[in-house]
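*Asks:*
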Amino acid sequence: MYGDRNDEPMKKGPPKSQRVKRKKSKTISGGLLQVNAKATAAPAGLAMPPVIAIVVMGLCCLVIAWGLGRGVGGWGRLLFTENDRFNLQRIEARTDGVISEALFVQWSGVNLNENLFQINLNSVRTELESHPIVRRAVVRRKLPANLEIIINERVPIARMGQVDGNMSWLVDAEGIIIRKSVRDQHLPLLLGAPAEATLGDDISRGRSGAALEVLARLREMPALKRELFEVQQVNVRHPDFLEFRLRNGITVFLPLEGDARARLEKATRILDENQRLDPPRNEISILPSGPNHIGAR
Numbered sequence: 000m001y002g003d004r005n006d007e008p009m010k011k012g013p014p015k016s017q018r019v020k021r022k023k024s025k026t027i028s029g030g031l032l033q034v035n036a037k038a039t040a041a042p043a044g045l046a047m048p049p050v051i052a053i054v055v056m057g058l059c060c061l062v063i064a065w066g067l068g069r070g071v072g073g074w075g076r077l078l079f080t081e082n083d084r085f086n087l088q089r090i091e092a093r094t095d096g097v098i099s100e101a102l103f104v105q106w107s108g109v110n111l112n113e114n115l116f117q118i119n120l121n122s123v124r125t126e127l128e129s130h131p132i133v134r135r136a137v138v139r140r141k142l143p144a145n146l147e148i149i150i151n152e153r154v155p156i157a158r159m160g161q162v163d164g165n166m167s168w169l170v171d172a173e174g175i176i177i178r179k180s181v182r183d184q185h186l187p188l189l190l191g192a193p194a195e196a197t198l199g200d201d202i203s204r205g206r207s208g209a210a211l212e213v214l215a216r217l218r219e220m221p222a223l224k225r226e227l228f229e230v231q232q233v234n235v236r237h238p239d240f241l242e243f244r245l246r247n248g249i250t251v252f253l254p255l256e257g258d259a260r261a262r263l264e265k266a267t268r269i270l271d272e273n274q275r276l277d278p279p280r281n282e283i284s285i286l287p288s289g290p291n292h293i294g295a296r
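Residues 0 to 296 (numbering that gives the first Met the number 0) make up the sequence shown, in order.
1. Between residue 187 and residue 232, which are expected to be in contact by the criterion C-beta below 8 Å, what is the C-beta distance as a whole number of angstroms?
2. Is residue 184 helix, strand or coil by DSSP?
3. Quick one: what's got a C-beta closer than 6 Å to residue 29's C-beta in the same chain, skipping five residues either side?
4. So, do the segment 126-140 and the segment 171-179 have three or more beta carbon pairs nearer to each other than 8 Å?
5. Is the number of C-beta pairs between the segment 219-230 and the segment 192-204 that are closer than 8 Å three or more?
6. Applying the 10 Å Cβ sphere with the 16-neighbour rule, what's the burial state of residue 49?
7. May I ask which residues mark the beginning and end of the alpha helix (DSSP H) holding residue 87?
8. So who's on the other strand from residue 240, going by DSSP bridges?
9. Is the segment 135-146 close to the segment 162-173, with three or more CB pairs under 8 Å?
10. Go ahead and pull the three-state DSSP assignment for residue 105.
11. How many Å lie between residue 119 and residue 206 at the Cα?
12. Buried or exposed, going by whether 16 or more other CB atoms sit within 10 Å of the CB of residue 158?
13. Given this structure, state the Cα-to-Cα distance separating residue 199 from residue 128, to the nearest angstrom.
14. Looking only at C-alpha atoms, which of 123, 51 and 96 sits nearest to residue 108?
15. For residue 171, count neighbouring Cβ atoms within 10 angstroms of its own Cβ and tell me buried if that reaches 16, exposed if not.
16. Consult DSSP for residue 360 and reduce its assignment to one of helix, strand or coil.
17. Please name the residue or residues paired with residue 139 in a DSSP beta bridge.
18. Spatial neighbours of residue 161 within its chain, please: C-beta separation below 8 Å, excluding the five flanking residues on both sides.
19. Could you check where the alpha helix (DSSP H) with residue 273 kicks off and where it finishes?
20. Would you report the Cα separation of residue 210 and residue 101, rounded to the nearest angstrom?
21. Give me, in chain order, the residues of the same chain whose beta-carbon lies closer than 7 Å to that of residue 112; leave out the 5 immediate sequence neighbours on both sides.
22. Tell me the residue span of the beta strand (DSSP E) that contains residue 121.
23. Below 7 Å CB to CB, which residues in the same chain sit around residue 117 once its five sequence neighbours on both sides are set aside?
24. Between 126, 208, 218 and 189, which lies nearest to residue 263 when the distance is taken from Cα to Cα?
25. Please classify residue 148 as buried or exposed, where buried requires at least 16 other C-beta atoms within 10 Å of its C-beta.
26. Apply the 10 Å Cβ neighbour rule to residue 249 and answer buried if 16 or more other Cβ atoms are within range, or exposed otherwise.
27. Please classify residue 169 as buried or exposed, where buried requires at least 16 other C-beta atoms within 10 Å of its C-beta.
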């Protein structure tokens, strides 16, 4: 019953004084947290402006890129330009003309044991093509240690002038004076070309160029027509026409202007008919008019 000793007394909470203390403790704790949070926050006046942040980031990227570039460049030198495995051991030169391969190697200015990747191929090509006889040069690496040079030479189609005794200048179809020679007497002699012209000059303008165009087109014609129009010399002194002296003694006068192949076709037809005449004519003209004019039939 009410006064029974076996009954346990009712559980009571902590004393009031303790409850108050806990409450104060929470308040104090919360206050401390709030103070610490405010202390760690950056003052508003010290925040970095966006423009400066972008500039700083850009500078950082540049520094990183520069470092990477230095690293790649170092590896490139180690692997290629400073690698003895790519030191030049052989220069292979080929040409479709008459100049010796050894001379082209000399003109290239390249020396053995140079590093292949340190050789400027464009500079070598330009140096080779600076010689008048070289029409086109190809220069390329053949790894690991060879350099290949391929030369396309200019082909002479006429000779002119007289130099160093009985030597003549040789001229190609583009009017470039490519070299002098004493052995090419079979080429047509160009009379009336500029007397002051020398090695490397271009004489393709004017009447000399018109004569060279005819000679170039003649080389493309069938053998029978080339034999009919076998040129010994070409006189370009006259302002209105070209005078061709053939090896059979016949002189042919051609107009300065017009399609070169068409003029040759007309001239060779007349020369073919002239062989059947008795006696054949010694002078043939396909000019629009003149005492020796013969119309093609």
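Beta carbons: idealized from backbone N, C-alpha and C, even for Gly.
Quick caveat, the model's predicted, so the values are computed rather than measured.
*Replies:* Based on what the coordinates show:
1. On the sequence shown, residue 187 is found 188 positions in, with the first residue counted as 1. On the sequence shown, residue 232 is found 233 positions in, with the first residue counted as 1. Contact holds; Cβ gap of about 6 Å.
2. As a working mapping, residue 184 is identified with position 185 in the sequence shown. In this structure, residue 184 counts as coil in the three-state DSSP scheme.
3. Counting from 1 along the sequence shown, the entry for residue 29 is found at position 30. The pLDDT assigned to residue 29 is 43, lower than 50, so where the model puts this residue is not dependable; a value taken from the coordinates is nonetheless given after this. Contacts found: none.
4. Judged by Cβ distances under 8 Å, the segment 126-140 makes contact with the segment 171-179, as three or more pairs qualify.
5. No, because fewer than three Cβ pairs between the segment 219-230 and the segment 192-204 fall closer than 8 Å, the two stretches do not touch.
6. The residue labelled residue 49 in the question sits at position 50 within the sequence shown. Under this definition residue 49 is an exposed residue.
7. Mapped onto the sequence shown, residue 87 falls at position 88. First-last for residue 87: undefined, no H or E at that position.
8. On the sequence shown, residue 240 is found 241 positions in, with the first residue counted as 1. Residue pairing by DSSP places residue 240 opposite 254 in a beta bridge.
9. No: the two stretches stay apart, fewer than three of their Cβ pairs being nearer than 8 Å.
10. Residue mapping note: residue 105 aligns to position 106 of the sequence shown, counting from 1. DSSP places residue 105 in helix when its eight states are reduced to three.
11. Here residue 119 corresponds to residue number 120 of the sequence shown, with the count starting at 1. Here residue 206 corresponds to residue number 207 of the sequence shown, with the count starting at 1. In a straight line, the C-alpha of residue 119 is about 41 Å away from that of residue 206.
12. Within the sequence shown, the letter at position 159 stands for residue 158. Residue 158 should be labelled buried.
13. As a position in the sequence shown, residue 199 is number 200, starting the count at 1. As a position in the sequence shown, residue 128 is number 129, starting the count at 1. Rounded to the nearest angstrom, the two C-alpha atoms are 11 Å apart.
14. For this step, residue 108 is matched to residue 109 along the sequence shown. The residue with the shortest Cα to Cα distance from residue 108 is 123.
15. As a position in the sequence shown, residue 171 is number 172, starting the count at 1. Here residue 171 is buried. Its C-beta has 16 or more other C-beta atoms within 10 Å.
16. As displayed, the chain neither begins before 0 nor continues past 296, which places residue 360 out of reach and without an answer.
17. By 1-based counting over the sequence shown, the position of residue 139 is 140. Looking at the DSSP assignment, residue 139 forms a beta bridge with 147.
18. The residue you call residue 161 lines up with position 162 of the sequence shown. The answer, listed in chain order, is 167.
19. Within the sequence shown, numbered from 1, the residue matching residue 273 stands at position 274. Unbroken alpha helix (DSSP H) run through residue 273: 259-273.
20. For this step, residue 210 is matched to residue 211 along the sequence shown. For this step, residue 101 is matched to residue 102 along the sequence shown. Spanning the two alpha carbons is a distance of roughly 34 Å.
21. Taking the first residue of the sequence shown as position 1, residue 112 is located at position 113. 86 and 87, listed in sequence order.
22. Walking along the sequence shown from the start, residue 121 turns up at place 122. Where residue 121 is concerned, there is no enclosing beta strand (DSSP E), although the alpha helix (DSSP H) it sits in stretches over 120-128.
23. Reading the sequence shown from its first residue, position 118 is the one you call residue 117. Excluding sequence neighbours, residue 117 sits near 80.
24. Here residue 263 is taken as the residue at index 264 of the sequence shown, counted from 1. It is 218 whose Cα lies nearest to the Cα of residue 263.
25. Taking the first residue of the sequence shown as 1, we reach residue 148 at position 149. Flag for residue 148 reads buried.
26. The residue given as residue 249 occupies position 250 in the sequence shown. The residue is buried, with at least 16 neighbouring Cβ atoms inside 10 Å.
27. For the purposes of this step, residue 169 is taken as residue 170 along the sequence shown, with counting starting at 1. Buried.
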